[in-house]
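Q: Quick one: the structure is below, and I'll ask about it shortly.
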Ligand code: HEM
Ligand SMILES: Nc1ncnc2c1ncn2[C@@H]1O[C@H](COP(=O)(O)OP(=O)(O)OP(=O)(O)O)[C@@H](O)[C@H]1O
Ligand SMILES: Nc1ncnc2c1ncn2[C@@H]1O[C@H](COP(=O)(O)OP(=O)(O)OP(=O)(O)O)[C@@H](O)[C@H]1O
Ligand SMILES: [Mg+2]
Ligand SMILES: [Mg+2]
C-alpha cells in the first residue's frame, strides 16, 4: 500500500497563479484524472508531482515523506511519460528502451522485443526511431509501462497520436495496473474508457 | 470550384510499400478523412499531397495540373498543418504568426491579435511560445487557418493536444470552410464531430 | 632486362626501399580495396537472406495474431 | 544519348549489363597492368638523373591522373542522377567514391615515397601536394555523407550534391598551382619535368595508365552491383540473385 | 514577394538578437584564436606580422563554421522549414535571405573588430587594406558554400564534425588566394588578380549554391 | 548503479558511433584544421614549429566546442533529460558520464593521432611530449567547464552570454599555461610548474563543475 498525497500545493508561472491550495491523496488502486482546458496547469502540476519542477508552496508526499527526501525510493517506484517522448531519433526503438531499462536499474532479462511485438512494432524494432510514424514513436515511449514494475504512473496525455487499437491496449494495461494496487495520475482531453472507477480533479484556466 | 485529384499514387519507404495505386478526387465542399492504424502511411500520404515528399509513382493534380508545375498557385491555395507545429520557441505567438503571414504574402492588415483572442490566447500573445502549454502552442499553429484565405486545408491530426472547447471551435471553423467551397483533407484518430458529410479513405498497415 | 641480377633488381640502384615501399603499399591498397568490395558484397548477400527470414517470421507472427483474433 | 541511357535506369537491366562487362574489364585490367608494371620495373631504361627511383612513376602518375579522372566520372554520375532523377546514377556515385579515394591515397603515398629520395622530405606544403590531399578529403566527404544517412535514397542525393559542389574545386585546385608557386617558393616538380620522355619509358607508362583505368572501372562496376542489391533488397530479382550467388559461394 | 523576403530577414534578425549569447559566440571564439597566437608564438612583431593574415583568415573560417552549424537546425526541427518550402516564395530566395542574415549577424561583427586585431598583430596599413578587401569578398562566399554543406547535414547525428569535413576542403582554395593577396600587399605588389578570382568565385557561388542548398533542403526533408 | 552508469556511457558511445565511418571523422577533421595553418601562414618549418603548439590547441578547442554544443540539446529536446532526472542515478554522475563520453569520442581521437602532428608541424620530441601532457590534463578541463556553460544555455536564451563570459576567462589562462609549457620544453626548460597549475585547475573543475552543471540542468527544466 503506497500513497501519494499533496497538501496546500500552489504553482506560479511568471507572476500568474496557475493553482493554489491544492490538496488530494491518491492511494493504491486509484486513478486520478486531472482535467482542465488548455493552459490550466495540468502539465505543470504533473511536473511538480514527480519532482521535475518546484512548487511555489506546499509539499508532495510519497508515503508521508517529502519526495525530495526519498528521491531514490520514489524514483524506483515512478514512471513518468510526458509530452516529450524521450525517444532518440537516431537510436532504434529497441535500443532506446534497452538503455532506459539499464538506467532504471532493471534486471538484464526483460524481454524488450516481446513488449515491442505486443505493441504492434513487429519488424520495426531495429529501425532508427526517427523513421517511425508519430504513433509508433508514442508506442515506444509507452512500452516503458510494460517494462518497469513501478507502482506510480504519471502520464501526460498518453493517448496522443495513438490509434484505437493502441488506446484499447493501453486502457487494458491501466486497468490491470490498478487491479495490482497501482496508482495512476493522468491528464487527457479524450474521455477514458475504463471500467475501473475514476476520480477527477478539475483545474481551471485563470488568467 | 477547385479540385485535388490523385492518380495511381504509390509510396515506398525503405523498400516497404506503404500504399500503391491510390486514386481519389476531392472537390470543393468536400472533406476527406484519411484513416488507418499507426504507421499506415497517412502522414506520408499528406506530405506527398502537398509536395513535401516525392511519390514513387503517380501524380498529384491541382485543377488538373501537376502540383510541381503550378507551385505558386498551389502554394497560394494551401495551408498545411503537420505533426510539427512550426512555432519557434523563442518568438512569441504573435510574432510567429506575423512572420508566417508576411511570408505567405498576406496583406498587412490581418489582425493577428483578434485571431489569437478568438482562440483563447488573450494575454499570452507576447510570451515566448516555448513557455506556452502544449495545447496553446497547437492553437497558435492552427491560427493559420483563421489568417490565410486558402481553399485547401491539409491537416495532420489537428485535434492533438486540444481541449474540448478548442475542438469545437476548430470543428465549427471547418464546417464553415466547407460551406464556403473549401476542401479539407485530414487525418485523425479521434472521431470527427461534424454535421457536414465526411468521406473516408482507409489505409491499411502493411508490413 | 635492365638489371644484371636479381639482387641488383631488388636494390634498384640504391633506391630499393623507396621503390618497393611505393609499389608494395600501392599493391596492398588495391588488394585491400578488392577485399573490402568482396566483403561488402558478402555482407549485402547476408542481409538479403536475413531479411527474407525476417519476412517469414513476421508473416508467421501475423498469421498467429489473426488466428488469435478469431478465437 | 538519352534514349541509349534510359533503359539502363531500370536497375535489373543495369545489373545485367554490369555482369556482362565485369569479366572483360577485370581480365584485361590484370593483363595490361601486369605487363606495364613489369615492363616499367625491369625493362625500361633508368633515368639519367634520378636513376632507378624514377620507376615509381609507373604507379604514381597513373594513380594521380586517375584520381582526378575518377572524380570527374563520379561527378558526371552525380549530375545525371540529380538532373534526370536516376536512382541508379546516385548509386554509382556511392560505388565510385571509395575507388577514387584509394587511388588518391596511392598517388599521395607514392609521391611521398618518391619525394623522400628526390627532395629530401616526405612532405612539403606545396600546391600540388596540398591539392591532392584536398581531393582525398573531397572523396572522404562524399563517402561520409552517404554513410551518415539511414535512408540511402536521401544519402545518394546528398552525396551527389556534395560531389558536384566539389567539382567546382577541381579546376581551382589545378590552376592554383601556378598562382601559388609564382608567389611562394619556386615549383618543385618542374625540376624533373622534361618536355619529352623517351618512348621506351613512355610505353609502359601508357600501359600502366590504361591498366589502372580498367581496374578502377572493374572495381567500380563490382561495387555498383553490390550497391544496387543493397538498395533494392526486396525486389524479386535481387532475392533471386542473392540466392544464386550464395549457392555459388558455398 | 519583396514583403515576404523582408519578413524572412526580419525574422532571422529578431531571432539572432533574441539570443544575444549566440551572437557573441563566434566573436569570442575569434578573439580567442587570435589572442592565442601572440601567446603561442612569442610577441615578436616580425613573426606576428608574417603569420597575421593567415591567422586571421583561419580564425574567420573556423568562426563562421562554428556559427553556421545551426543555420537550418531549429527551422528543420520545429517544422518552419516545411512551411517555407510550401510558401510561394522560392526556396532558393529563402536560402539567400538566411545566408545574408547569417553573414550580417555572425560575420559582420568579426569584420567590425578586425582593425583592432590588425593592431594586435602589427599589420601594416597596406596589409590591412588587402586583408579587409579579401574578407569582404571572401566571407559571403564562405557563407554561401557553407550553407550548402549545412543543408546537407541538417538532421544528421553529429553534424558538426561531418560538416567541417565537407566544408574545409572547399574553403582551402579561398584561403590560399586570400593570404597570397595579403602577402602580395606586404611586398607592395598588386593583388588585383587574387581579388578578381575571389570575386569570380563569389559570383559563381551566388549563382549556383542557392539552388544546391534548396535542393539539399528538399532532400533532407524526404 | 554501476550498471546504470555503464548503460549511459554505452548509449552515448552508441550514438556517437552510429555509423562506422564516424570513427574516422575526428581524425580527418583534425588533419584539415592543422593543414589550414601551413596553407595560410606559409610552409616554412621554422614558422610552423613556432606556431605549432598554438595551432594544435586551437584545433583541440574547436573540436571540443563543435561537439560540445549539442551535449545536452538533443536530450533536452526529446525529453531524455527528464527521464534521467527522474531516475535513481544522481544527475551529477550523469553529467560526469556525458562529459567523459564527449571527451572519449571528440577529443581522444585527436590525442591518439597527435604523433602525426610532430611530422606535419615539425615539432621536436621534447615539444611533443610537453604538448601531449598539457593536452591530457587540459582537455578534460575544457570539457568539464564547457559542459557547465552548455547546460546553462540549453533550451533557453538567457544563458548565452553567460557561456561566453564563463568560458573565456577560463580558457585563456589554460592556453597561456599550456603553450608556455611547450615553449619551455622547446628551450629544454622544466615545465612542471605549468603542468601543476593545469592539474590543480582540473581537480578543482572535477570537484565543482558536475554539481554546477547538474544544478543548471535542473534550472533549465524549471
Ligand atoms: C606527396 C607527394 C606528391 C603528390 C601528392 C603528387 C601528386 C601528383 C599529381 C596529382 C599529379 C597529376 C598532375 C596532373 O595530371 O595534372 C602528379 C604528376 C606527376 N608527378 Fe607527382 N606528386 C608527388 C610527388 C612527386 C615527386 C616526388 C615526383 C618526382 C620527383 C613527382 C613526379 C610527378 C610526375 C613526373 C608527374 C607526371 C607529369 C606531370 O603531370 O607533370 N611527383 N603528381
Ligand atoms: N524515412 C523513413 N524511412 C523508413 N521508413 C519510414 C520513413 N518514414 C516513415 N517510414 C515508415 O512509414 C510508415 C508510415 O509512416 P507515417 O508517418 O506515414 O504513418 P502514419 O499513418 O502517419 O502513422 P501515425 O498514425 O502514427 O501518425 C511507418 O511504418 C514508418 O516506419
Ligand atoms: N516557463 C514558463 N513561463 C511562463 N509561463 C509558463 C511557463 N510554463 C508554462 N507557463 C504557463 O502556464 C500555463 C499552464 O501550462 P501547462 O503546460 O501546465 O498547461 P496544461 O494544462 O498542461 O495545458 P495543455 O492541455 O495545453 O497541455 C500556461 O498558460 C503557460 O502559458
Ligand atoms: Mg499539458
Ligand atoms: Mg502520422
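Protein chains in written order, with the numbering used here: chain A, 4 to 210; chain B, 4 to 210; chain C, 534 to 604; chain D, 2 to 251; chain E, 719 to 940; chain F, 719 to 940.
The C-beta atom is built at its ideal place from N, Cα and C for all residues, glycine as well.
Computed from a prediction, not measured in an experiment: that's the story for all the values here.
1) Quick one: does the C-beta of residue 137/B sit closer than 6 Å to a heavy atom of ligand 3?
2) Could you check how far apart the C-beta atoms of residue 5/B and residue 154/B are, in whole angstroms? I think they sit under 8 Å.
3) If you drop the 5 nearest sequence neighbours on each side, which residues of the same chain put their C-beta closer than 6 Å to that of residue 85/A?
4) Confirm, please, whether the CB-CB distance from residue 163/D to residue 146/D is below 7 Å.
5) Please identify the residue among 188/B, 7/B, 35/B, 19/B whose C-alpha is closest to the C-alpha of residue 126/A.
6) Please tell me whether, using a cut-off of 6 Å, the distance from the CB of residue 927/F to the nearest non-hydrogen atom of ligand 5 is below it.
7) With 7 Å as the threshold, decide whether the Cβ of residue 747/F is near any Cβ in chain E.
8) Using beta-carbon positions only, say whether residue 770/E and residue 829/E come within less than 7 Å of one another.
9) Going by alpha carbons, who is nearest to residue 49/B out of 800/E, 721/E, 783/E?
10) Looking at the secondary structure, which residues open and close the alpha helix (DSSP H) in which residue 838/E lies?
11) Relative to the C-alpha of residue 122/B, which candidate in 64/B, 99/B, 149/B has its C-alpha closest?
12) Determine the chain D residues that contact residue 743/F at a beta-carbon separation under 8 Å, and present them in chain order.
13) In chain D, which residues lie with their C-beta within 8 Å of the C-beta of residue 757/F?
14) Taking the runs of the alpha helix (DSSP H) that are 4 residues or longer, which of them lie wholly in the segment 832 to 876 of chain E?
15) Would you check if there are 3 or more beta carbon pairs closer than 8 Å linking the segment 720 to 733 of chain F to the segment 848 to 868 of chain F?
16) Could you tell me if residue 813/F is buried or exposed, where buried requires 16 or more neighbouring beta carbons within 10 angstroms of its beta carbon?
17) Taking C-beta pairs closer than 9 Å, name the residues in chain D that residue 18/B reaches, listed in chain order.
18) What does residue 909/F pair with, by DSSP beta-bridge criteria?
19) Might you give, ordered along the chain, the residues of its own chain that have their beta carbon closer than 8 Å to the beta carbon of residue 539/C, omitting 5 neighbours on each side?
20) Measure the C-alpha to C-alpha separation of residue 56/B and residue 133/B and round it to an integer number of angstroms.
21) Which of the three DSSP states is assigned to residue 17/B in this structure?
22) Just checking my contact of residue 96/D with residue 225/D at CB under 8 Å: how many whole Å lie between their CB atoms?
23) DSSP three-state call for residue 726/E: helix, strand or coil?
24) My guess is that residue 46/B and residue 163/A are in contact by the Cβ rule of under 8 Å, so how many angstroms apart are they, rounded?
25) Closer than 7 Å, CB to CB, is residue 587/C near chain D or not?
26) Could you tell me how far apart the beta carbons of residue 779/E and residue 754/F are, in whole angstroms, since I believe they sit closer than 8 Å?
27) On the DSSP letters alone, give me the boundaries of the beta strand (DSSP E) that residue 62/A sits inside.
28) From 820/E, 855/E, 869/E, pick the residue whose C-alpha is nearest to that of residue 791/E; which is it?
29) Whole angstroms are fine: how far does the CA of residue 773/F sit from the CA of residue 750/F?
30) Does the distance from the CB of residue 170/A to the CB of residue 96/A come in under 7 Å?
31) At least one CB of chain E closer than 7 Å to the CB of residue 956/F: is that the case?
32) So if DSSP puts residue 82/B in a beta bridge, which residue, or which two residues, is it bridged to?
33) Give the range of the alpha helix (DSSP H) segment to which residue 767/E is assigned.
34) Pull out every residue of the segment 892 to 904 of chain E whose Cβ sits closer than 9 Å to any Cβ of chain F, in chain order.
35) Pop quiz: residue 820/E and residue 850/E are said to be a contact at Cβ under 8 Å. What is the actual Cβ separation, rounded to whole angstroms?
36) Roughly how many angstroms separate the alpha carbons of residue 794/F and residue 872/F, rounded to a whole number?
A: This is what the structure holds:
1) Position 134 of the second chain, counted from the first residue, corresponds to residue 137/B. At least one heavy atom of ligand 3 lies closer than 6 Å to the C-beta of residue 137/B.
2) As a first step, residue 5/B is located in the second chain; it is residue number 2 there, counting from the start. As a first step, residue 154/B is located in the second chain; it is residue number 151 there, counting from the start. Between residue 5/B and residue 154/B a beta carbon distance of about 5 Å is seen, short of the 8 Å cut, so the two are scored as contacting.
3) Taking the first chain and counting its residues from 1, the one referred to as residue 85/A is at position 82. Residues 159 of the same chain have their beta carbon placed closer than 6 Å to that of residue 85/A, with the five preceding and five following residues left out of the count.
4) Looking up residue 146/D in the fourth chain gives position 145. Looking up residue 163/D in the fourth chain gives position 162. Cβ atoms of residue 146/D and residue 163/D: closer than 7 Å.
5) Translated into positions along the first chain, residue 126/A becomes position 123. That would be 19/B, whose Cα lies nearest to the Cα of residue 126/A.
6) Taking the sixth chain and counting its residues from 1, the one referred to as residue 927/F is at position 209. No, since every heavy atom of ligand 5 falls outside the 6 Å radius drawn around the Cβ of residue 927/F.
7) For the purposes of this step, residue 747/F is taken as the residue at position 29 of the sixth chain. With respect to chain E, the C-beta atom of residue 747/F has a partner C-beta closer than 7 Å.
8) Here residue 770/E corresponds to residue number 52 of the fifth chain, with the count starting at 1. Here residue 829/E corresponds to residue number 111 of the fifth chain, with the count starting at 1. No.
9) Taking the first residue of the second chain as position 1, residue 49/B is located at position 46. Nearest Cα to residue 49/B within the set 800/E, 721/E, 783/E: 800/E.
10) Residue 838/E sits at position 120 when you count from the first residue of the fifth chain. Residues 826 to 838.
11) Locating residue 122/B in the second chain gives position 119, counting from the first residue. Among 64/B, 99/B, 149/B, the Cα nearest to that of residue 122/B belongs to 149/B.
12) Taking the sixth chain and counting its residues from 1, the one referred to as residue 743/F is at position 25. Neighbours of residue 743/F on chain D, chain order: 145.
13) Here the question's residue 757/F lines up with position 39 in the sixth chain. Chain D residues near residue 757/F: 126, 131.
14) Listed in chain order, they are 843 to 871.
15) Judged by pairs of C-beta atoms under 8 Å, the segment 720 to 733 of chain F does not touch the segment 848 to 868 of chain F, as fewer than three such pairs exist.
16) Numbered from 1 along the sixth chain, position 95 holds the residue referred to as residue 813/F. It counts as buried.
17) Numbered from its first residue, the second chain carries residue 18/B at position 15. Proximity of chain D to residue 18/B at the Cβ level (cut-off 9 Å) is accounted for by 232, 233, 234, 235, 236, in chain order.
18) For the purposes of this step, residue 909/F is taken as the residue at position 191 of the sixth chain. According to the DSSP secondary-structure assignment, residue 909/F is paired through a beta bridge with no residue.
19) The residue given as residue 539/C occupies position 6 in the third chain. Cβ contact annotation for residue 539/C (same chain, cutoff 8 Å, sequence separation greater than five): none.
20) If you number the second chain from 1, residue 56/B lands on position 53. If you number the second chain from 1, residue 133/B lands on position 130. Looking at the two C-alpha atoms, the distance is approximately 28 Å.
21) Numbered from its first residue, the second chain carries residue 17/B at position 14. Three-state DSSP puts residue 17/B in coil, outside helix and strand.
22) Counting from 1 along the fourth chain, the entry for residue 96/D is found at position 95. Counting from 1 along the fourth chain, the entry for residue 225/D is found at position 224. Yes, they are in contact, since the Cβ atoms of residue 96/D and residue 225/D sit about 4 Å apart, within 8 Å.
23) Taking the fifth chain and counting its residues from 1, one reaches residue 726/E at position 8. Correct three-state label for residue 726/E: helix.
24) Residue 46/B sits at position 43 when you count from the first residue of the second chain. Residue 163/A sits at position 160 when you count from the first residue of the first chain. For a cut-off of 8 Å, the C-beta gap from residue 46/B to residue 163/A is around 14 Å, too long to register as a contact.
25) Counting from 1 along the third chain, the entry for residue 587/C is found at position 54. By this cut-off, residue 587/C is not an interface position.
26) Stepping through the fifth chain from its first residue, residue 779/E is reached at position 61. Stepping through the sixth chain from its first residue, residue 754/F is reached at position 36. Their Cβ separation, rounded to whole angstroms, is 7 Å, which keeps residue 779/E and residue 754/F in contact under 8 Å.
27) Your numbering for residue 62/A matches position 59 in the first chain. Per DSSP, residue 62/A is one residue of the beta strand (DSSP E) stretching across 60 to 65.
28) If you number the fifth chain from 1, residue 791/E lands on position 73. By alpha-carbon distance to residue 791/E, the top candidate from 820/E, 855/E, 869/E is 869/E.
29) Working through the sixth chain from its first residue, we reach residue 750/F at position 32. Working through the sixth chain from its first residue, we reach residue 773/F at position 55. Near 12 Å, if we compare the C-alpha coordinates of residue 773/F and residue 750/F.
30) Within the first chain, residue 170/A is the residue found at index 167, counting from 1. Within the first chain, residue 96/A is the residue found at index 93, counting from 1. The Cβ atoms of residue 170/A and residue 96/A do not sit closer than 7 Å to each other.
31) Since the first residue shown for chain F is 719 and the last is 940, residue 956/F is missing from the structure and cannot be characterised.
32) What you label residue 82/B is simply residue 79 of the second chain in a count that begins at 1. In the DSSP output, where bridge partners are listed per residue, residue 82/B has 156/B.
33) The residue labelled residue 767/E in the question sits at position 49 within the fifth chain. From DSSP, the alpha helix (DSSP H) with residue 767/E extends over 763 to 786.
34) Listed in sequence order: 893, 894, 896, 897, 901.
35) To locate residue 820/E, count along the fifth chain from 1; it is residue 102. To locate residue 850/E, count along the fifth chain from 1; it is residue 132. A Cβ-Cβ distance of about 20 Å is found for the pair residue 820/E and residue 850/E, leaving them out of contact under the 8 Å criterion.
36) Along the sixth chain, one-based indexing puts residue 794/F at 76. Along the sixth chain, one-based indexing puts residue 872/F at 154. Note on geometry: alpha-carbon atoms of residue 794/F and residue 872/F lie some 7 Å from one another.
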